[in-house]
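Peer 1: Position 8 of the sequence shown, counted from 1, bears residue number 1441 in this note's numbering, the numbering being contiguous throughout. Just so it is clear, CB atoms sit at the ideal spot from N, CA and C, and this is done for glycine as well.
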Amino acid sequence: MAALAQVAELGIGSFAASVVLMHRLRPDLNPATRYVSGYALGPCRAVMTTAFGALGAGSLALAAAMAQGRELIPRDRLGLALIGCGG
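#1: So, with DSSP's three-state summary, where would you put Arg-1457?
#2: Is it true that the CB of Gly-1520 sits closer than 9 Å to the CB of Glu-1442?
#3: Does the distance from the CB of Met-1481 to the CB of Ser-1447 come in under 9 Å?
#4: What are the boundary residues of the alpha helix (DSSP H) that includes Ser-1492?
#5: Under 7 Å Cβ to Cβ from Leu-1488, same chain only, skipping five residues before and after it: list those, please.
Written out as structure tokens, the structure reads:
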């Protein structure tokens, strides 16, 4: 479980760091009026493509880590499925 939690932290943290980095790399885009996915267009698309992959892996790892070692009720399953769908 600890390994999955670390993967989740790394993936979601990498996404957040990449978004901050994109604000520096693309100062021409106003973050208040643009969607995060807009950063995937243009010369720095590799950074955001990697960031979205990290967010997906982190979300899946988070759902898996939360599901381990617990008896799940239907509400828990729904919540974990929604977190997993984000990945």
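Peer 2: On the basis of the supplied data:
#1: Residue state, collapsed to three classes: helix.
#2: Not a contact, by the Cβ cut-off of 9 Å.
#3: In this structure, Met-1481 lies away from Ser-1447, with their beta-carbon atoms at least 9 Å apart.
#4: Boundaries of the alpha helix (DSSP H) around Ser-1492: 1478-1500.
#5: Contacts found: Gly-1444, Ile-1445, Phe-1448.
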